Every structure is written in structure tokens, then in C-alpha cells.
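**Q** In our numbering, the protein residues as written are 53 to 218.
Where is the CB? At the ideal position from N, CA and C, for every residue including glycine.
Since the model is a prediction, treat every value here as computed from it, not as a measurement.
Before I ask anything, let me first share the structure, which is written out below as C-alpha cells.
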């Protein structure tokens with residue numbers, strides 16, 4: 053009985069509803085690291101199939117590199133009542149591993165940027181700018197981007213001799 057309650061106490065895992073037919077929860081990786089956007093949440097909706105008496109995942113927003121691991125562990129997404137809390141716990145562990153790998157990826161990207169291996173104008177996306185750059189670095193990068201965009205503005209058109217005819 054205690055095992056069921058441990059799922060509800062997991063850090064970063066929040067249940068939106070939990071009843072005899074539907075379970076909906078989300079995982080928020082920003083509770084574990086500062087190298088993931090605060091608004092990033094991975095949702096999972098499980099539904100009970102009364103005809104066959106098993107649970108299945110109806111919808112999810114898991115990261116792509118976690119889906120195969122999660123679904124291979126579910127044996128074709130079918131879950132019995134006795135396995136339900138184990139499955140939710142396994143999903144949680146997989147998403148924790150994803151969070152750690154994302155943190156390592158961002159830190160590695162930061163190190164490569166500092167060593168000069170990355171082009172900051174090309175290789176950094178908006179998440180990288182928000183998560184791994186300091187305010188001064190962001191300001192400098194935005195100034196560079198603004199200068200490039202100003203060069204891309206087409207020159208003003210000058211009136212031609214035939215402009216009166218149109």
C-alpha cells in the first residue's frame with residue numbers, strides 16, 4: 053500500500069487527475085536543473101479500457117528519444133492494474149535520465165562555445181541564449197544579430213523616370 057503513495061510524492065511529477073478511468077500527469081524537468089526551460093512540461097494521459105481491463109497511454113508529449121524506451125517497457129502500451137504504479141515510476145525515471153542528459157548537453161554546448169568551437173550566430177537557439185548565456189553575452193549577441201539584420205534591409209527605392217506613367 054505504501055508503494056502507491058510514493059508515486060504521488062515524487063518531485064517534479066504532478067497529477068492533474070487520477071480516478072478509476074483516467075490518469076493525467078505531467079513531469080516538469082526544470083525542478084531538477086536550471087538548464088531546461090521553466091515552461092517545459094511532459095504530459096501523459098492514461099485511460100482504462102473497461103472491456104479488456106487494462107490501462108494504456110492515450111496521449112503523451114514525451115521527448116522523442118524517450119518514447120522508444122518508455123513504450124518498449126510498457127509492452128505495447130498495455131498496463132494492468134497491478135503494474136500501474138511501477139509503470140508511472142518507470143516513466144518518471146526515464147524522464148529524469150532525459151533531464152540529466154539535457155543538462156549535460158547544455159553544459160557541453162557552453163564549454164564548446166567558450167572554446168570557440170561553435171558559431172554563436174548559427175549554433176545557438178533561443179533556449180541556449182536564455183539558459184547558458186550571461187546577460188552581457190546575450191546583449192553582445194543581440195547587437196551582432198541586429199547589425200546583420202540592418203545590412204539585410206533592402207535599400208530604399210528611388211523614383212524612376214517612368215514613375216509618373218504608372
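Are there 16 or more other CB atoms within 10 angstroms of the CB of residue 239, so buried, or fewer, so exposed?
**A** It is not possible to answer for residue 239, since the shown part of the chain is limited to 53 through 218.
**Q** Please tell me whether residue 193 and residue 185 are closer than 8 Å, where the distance is taken between their beta carbons.
**A** Along the chain shown, read from residue 1 onward, the residue named residue 193 stands at position 141. Along the chain shown, read from residue 1 onward, the residue named residue 185 stands at position 133. Taking 8 Å as the Cβ cut-off, residue 193 and residue 185 qualify as a contacting pair.
**Q** Taking DSSP as the reference, what is the three-state secondary structure of residue 201?
**A** As a working note, residue 201 is residue 149 in the chain shown. Helix, per DSSP.
**Q** Please give the ranges of any beta strand (DSSP E) in the segment 139 to 205, keeping only runs that are unbroken, at least 3 residues long and fully inside the region.
**A** For the segment 139 to 205, not a single whole beta strand (DSSP E) run of length 3 or above is found.
**Q** Tell me where the alpha helix (DSSP H) around residue 121 begins and ends.
**A** To locate residue 121, count along the chain shown from 1; it is residue 69. Run containing residue 121: 116 to 125, per the alpha helix (DSSP H) assignment.
**Q** Rounding to the nearest angstrom, what Cα-Cα distance links residue 148 and residue 206 in this structure?
**A** For the purposes of this step, residue 148 is taken as residue 96 along the chain shown, with counting starting at 1. For the purposes of this step, residue 206 is taken as residue 154 along the chain shown, with counting starting at 1. In a straight line, the C-alpha of residue 148 is about 48 Å away from that of residue 206.
**Q** Could you round the C-beta distance between residue 101 and residue 108 to whole angstroms and report it? I think they count as a contact, below 8 Å.
**A** Within the chain shown, numbered from 1, the residue matching residue 101 stands at position 49. Within the chain shown, numbered from 1, the residue matching residue 108 stands at position 56. Between residue 108 and residue 101 the Cβ distance is about 6 Å, and since that is below 8 Å, they are a contact.
**Q** By the three-class DSSP mapping on this structure, what secondary structure does residue 103 have?
**A** Translated into the one-based positions of the chain shown, residue 103 becomes position 51. Looking at residue 103 - three-state DSSP - the assignment turns out to be coil, as it is neither helix nor strand.
**Q** In terms of residue numbering, what span does the beta strand (DSSP E) encompassing residue 84 cover?
**A** Position 32 of the chain shown, counting from 1, holds the residue named residue 84. No beta strand (DSSP E) contains residue 84, which DSSP labels as neither H nor E.
**Q** What residue range is occupied by the uninterrupted beta strand (DSSP E) comprising residue 65?
**A** Within the chain shown, the letter at position 13 stands for residue 65. Where residue 65 is concerned, the enclosing beta strand (DSSP E) stretches over 65 to 70.
**Q** Using 8 Å as the threshold, is the C-beta distance between residue 93 and residue 78 below it?
**A** Locating residue 93 in the chain shown gives position 41, where the first residue counts as 1. Locating residue 78 in the chain shown gives position 26, where the first residue counts as 1. A contact, by the Cβ cut-off of 8 Å.
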